[in-house]
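Report on one structure; see the data block that follows.
2 protein chains.
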Amino acid sequence: MIGINSDRLRCRFDTMAKIGATLRGGMHRLALSHEDKVARDLLGSWCRDCGFELTVDRIGNMFATRPGLNPDLPPLLIGSHLDSQPYAGAYDGPVGVLAALEVLEALDENDIPTNMPIQLVNWSNEEGARFRPPLLASGVFAGVHDLDFALSVQDSKGLSFREELANIGYDGKCKPGWPISGYIEIHIEQGTVLEDAGIPIGIVTGVVGIADIKVIVQGEDAHAGPLPMSKRRDSLVGAAEMILTAREIGCRHAPEARVTVGRISVPSDSHSVVPGRTEFVLDLRHPDDVGLAALEAEAKAAFSAIAAKHQMSVAYESVWAYPPTLFDERLQKEIARAARELGHSHLRLPSRAGHDAWNLARVGPSAMIFIPCRGGISHNESEFAEFEHIAAAANVLLLTVIAWSNGDLRLQSPEIA
Amino acid sequence: MIGINSDRLRCRFDTMAKIGATLRGGMHRLALSHEDKVARDLLGSWCRDCGFELTVDRIGNMFATRPGLNPDLPPLLIGSHLDSQPYAGAYDGPVGVLAALEVLEALDENDIPTNMPIQLVNWSNEEGARFRPPLLASGVFAGVHDLDFALSVQDSKGLSFREELANIGYDGKCKPGWPISGYIEIHIEQGTVLEDAGIPIGIVTGVVGIADIKVIVQGEDAHAGPLPMSKRRDSLVGAAEMILTAREIGCRHAPEARVTVGRISVPSDSHSVVPGRTEFVLDLRHPDDVGLAALEAEAKAAFSAIAAKHQMSVAYESVWAYPPTLFDERLQKEIARAARELGHSHLRLPSRAGHDAWNLARVGPSAMIFIPCRGGISHNESEFAEFEHIAAAANVLLLTVIAWSNGDLRLQSPEIA
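Below, the structure is given as structure tokens:
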């Protein structure tokens, strides 16, 4: 039976994990950093060594192409991202990119032709940790963002995406965005559904809706010494109460909802100043539109009541919002068939994290394959996935790619699988 | 009756307030910034125009000297600081420096000799907003800090005090620290004791003890999407509960205690990361040692309980600590006598803010004169003090300087006043 080379995949994974490796076994490889450049160079050298033509688009997305039999068919994309969150794990992203490379090589090594070209992709700045928003470059590819907007975003030091992309030599020439026959991405689940169920393959039904809202709490700056406690309008005290309330709202809407505050800043930033202004970002996630809207309405009502109680004001700015997205049913069925063929148990689940596949779903049939990660821990140096699950998912991807590209399933009815 | 020139003082105050003026009527003049340099240059030109010799020490403290009759007597220092907190007020600091210049000039204009030299001082980096800790340069002068330590501190961009002092041309030649006959500083109260009592002159009995403690809450980083609310160990949620508890502890120890969190940071700083680590600075103030220790013990006990409840850890680092300090009784009595002579009502009160006089109290008899500020609001662009109170305090300082320098009260008994 055909399959990927599991030893080579492991070797490449370990090598890639050394780039930006942290002392505690994690990964610090921010988008367009020196580490990102080294990782891209390594991926590029592997692709070229295997004879796959490498192209880079103007937002830095990398593509390695294995040609198809029919030059008129658009490519089937497979891949993920090589950038990481700060001090995060080595699995989030690279697993999908390196599995895709294995699929290209397995097709070559087994002399399997495909009707359409198969294209490995490494998306720039999936994480959005250094340059916001996340999913930036797949968003440009899918027409969600203007190229000029994306190139002009700046990191916290004021360096633009444009400059930094040029600095690392990945300001490519291709115009981003072209017709695709589909997109399939392998990724760690970053949750515990698969682990709890003891199942290696997750077929992702779609991505939950996410709304990020900047919350600005305005009280009054004062010296931390003289002003009595009773006369203060301390915006950080107000924000603290809002953060606890946000968590309660998330728990009240369990198990579907997620409510998180991951960014907070006090512009006065002085030990001796009662903070007049505090800003934080509220991240709301829910699989359906109505649930997402309810989270937002409850949080805003509660925050306004807290602000009023403390004689403060509160204002909101929408940072970004993605509605819930459903993945392609036929692709999901094809993945299920491949998993069955390989004897891997599988289940269907939604993704609660944003992924580039979310953007790609706008321009072609898209799907994702999840594998378990230990304790659901991700964006953390102790992130871990079993290598046998990575290899299993790569083989499921291989069979899915063969079926999808050669069956030209896009033209067939949903009943096929 | 001799007195300062109130119109000139007002004119100079208004001119100085334009340097770093903000759109909302405040002041943004961080230590060793371009604005600080312009303010120093202006002060220097005024001092030189009046014929007072200008010296700068190696930590950038500026001194303008009016010689005394007795060359063997150490100088009596009067002054304050020209730097500000970010987007703060125009009164905190400059009032004391410009009143001191008026005193020097009034002595000249009225041909009043003094036994000891009278020295105006502008202390570098009182606020500690850009370079921590605050009171840095008076601390070097008083032997609290090593000169090398102070020169090596860095701002948030990694620029050192040494480089930035040289950049603005205030890396002087004098070794900081020499014997003094005393130190007197006029400052706005930054609280509401004087305003509430309707009294223009406050005689400061000393400075409350201040302990700044960095609190490090450690939970576990996780992706904001997949991990269920119930499995999270969100350090910002723990910190939020601690911040609310800190406020409660402050209120419980009213009216003497002040408890503030003015700095907070989440190193992961990403909307999609459940914060594994949150750090904040707890600022505790109390007029007596026992009270200060009680605040710290109660806060730490409560924080540890909160951390344990959320399965997190909490660690503490002492950032800086000043014990309660009492000012010189004889100087306080001399200030009271001057106020009575001028017909100004006065009261005694502790300072709840750190001031350079706190450091100077280690090396010579020191005292402070407070004036009311509207609503107690300070470190805020709407900070305001009545000009007649500024002028009144300058006249009280003038009479105190004459009495202290000529009476050579240092050698007399405490019963003098």
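Residue numbers (the numbering used here), protein chains in the order written: chain E, 0 to 416; chain S, 0 to 416.
The C-beta atom is built at its ideal place from N, Cα and C for all residues, glycine as well.
This one's a predicted model, so the numbers in the text were calculated from it and none came from an experiment.
Handout entry: Complete beta strand (DSSP E) runs within the stretch 107-143 of chain E (minimum length 3 residues, chain order)
Key = 117-122
Problem - Residue from 255(S), 325(S), 38(S) and 264(S) with nearest C-alpha to residue 97(S) - result: 38(S)
Handout entry: Whole-number beta carbon distance between residue 171(S) and residue 284(S), since they are thought to touch under 8 Å
Key = Actually they are not in contact, since the Cβ atoms of residue 284(S) and residue 171(S) sit about 33 Å apart, beyond 8 Å.
Exercise for the section: May I ask which residues mark the beginning and end of the beta strand (DSSP E) holding residue 450(E)? Expected result: Since the first residue shown for chain E is 0 and the last is 416, residue 450(E) is missing from the structure and cannot be characterised.
Handout entry: Assigned secondary structure, residue 303(S) (DSSP; H/G/I helix, E/B strand, else coil)
Key = helix
Problem - Those residues which DSSP pairs with residue 160(E) across a bridge - result: Answer is none; residue 160(E) lacks a bridge partner.
Practice task
Using a threshold of 8 Å, state whether the C-beta atoms of residue 346(S) and residue 368(S) are closer than that.
Solution key: no
Practice task
Going by DSSP, name the residue or residues bridged to residue 26(S).
Solution key: 20(S) and 87(S)
Problem - Residues that residue 22(S) contacts on chain E, provided the C-beta gap is smaller than 9 Å - result: Neighbours of residue 22(S) on chain E: none; closest Cβ ~15 Å, over 9 Å.
Problem - Sub-8 Å separation of residue 259(E) and residue 173(E) beta-carbons - result: no
Practice task
Using 10 angstroms around the beta-carbon of residue 112(E), count the other beta-carbons present and answer buried if the total reaches 16, otherwise exposed.
Solution key: exposed
Handout entry: Sufficient close CB pairs (3 or more, under 8 Å) joining the stretch 249-266 of chain E to the stretch 270-280 of chain S
Key = yes
Handout entry: Beta-carbon proximity check, residue 179(S) vs residue 76(S), cutoff 8 Å
Key = yes
Exercise for the section: List the endpoints of the continuous beta strand (DSSP E) containing residue 167(E). Expected result: Run containing residue 167(E): none; DSSP gives neither H nor E here.
Exercise for the section: Take residue 130(E) as the anchor and find which of 212(E), 28(E) and 243(E) has the nearest alpha-carbon. Expected result: 28(E)
Practice task
Check the Cβ-Cβ distances between residue 324(E) and every residue of chain S, and say whether any is below 8 Å.
Solution key: no
Handout entry: residue 191(E) (DSSP reduced to helix, strand or coil)
Key = coil
Practice task
Please decide whether residue 370(S) counts as near chain E, where near means a Cβ-Cβ distance under 8 Å.
Solution key: no
Problem - Distance CB(residue 217(E))-CB(residue 312(E)) smaller than 8 Å - result: yes
Practice task
Work out the CA separation of residue 227(E) and residue 425(S) for me, nearest whole Å.
Solution key: Here chain S comprises residues numbered 0 to 416, so residue 425(S) is not present and cannot be evaluated.
Exercise for the section: State yes or no: is the C-beta of residue 117(E) within less than 8 Å of the C-beta of residue 65(E)? Expected result: yes
Handout entry: Identity of the residues DSSP links to residue 153(E) by a beta bridge
Key = 159(E)
Handout entry: Paired residues, beta bridge with residue 217(S) - DSSP
Key = 276(S) and 312(S)
Handout entry: the stretch 274-303 of chain E: positions lying closer than 9 Å to chain S by Cβ
Key = 274, 275, 277, 279, 280, 281, 282 and 284
Exercise for the section: Specify the secondary structure class of residue 406(E) as computed by DSSP and reduced to three states. Expected result: helix
Exercise for the section: Could you list the residues in the stretch 56-86 of chain S with a C-beta less than 9 Å from some C-beta on chain E, going in chain order? Expected result: 84, 85 and 86
Handout entry: Residue span of the alpha helix (DSSP H) that contains residue 43(S), given as start and end
Key = 33-48
Exercise for the section: Compare the beta carbon distance of residue 325(E) and residue 141(E) with 8 Å and say whether it is the shorter of the two. Expected result: no
Practice task
Kindly indicate the opening and closing residues of the alpha helix (DSSP H) around residue 228(E).
Solution key: Neither: residue 228(E) is in no alpha helix (DSSP H) and is coded neither H nor E.
Practice task
Would you verify that the beta carbon of residue 311(E) is, or is not, closer than 8 Å to some beta carbon of chain S?
Solution key: no
Handout entry: Residue-level contact to chain E via CB, residue 217(S), 8 Å cutoff
Key = no
Problem - Boundaries (first-last residue) of the alpha helix (DSSP H) holding residue 241(E) - result: 234-251
Exercise for the section: Could you please give me the residues that DSSP links to residue 203(S) through a beta bridge? Expected result: 348(S)
Handout entry: Where residue 272(S) meets chain E, residues with beta-carbon distance less than 7 Å
Key = 84, 261 and 378
Exercise for the section: Compare the C-beta of residue 373(E) against all C-beta atoms of chain S and say whether one is closer than 8 Å. Expected result: no
Practice task
Answer yes or no: does any C-beta atom of chain S fall closer than 8 Å to that of residue 19(E)?
Solution key: no
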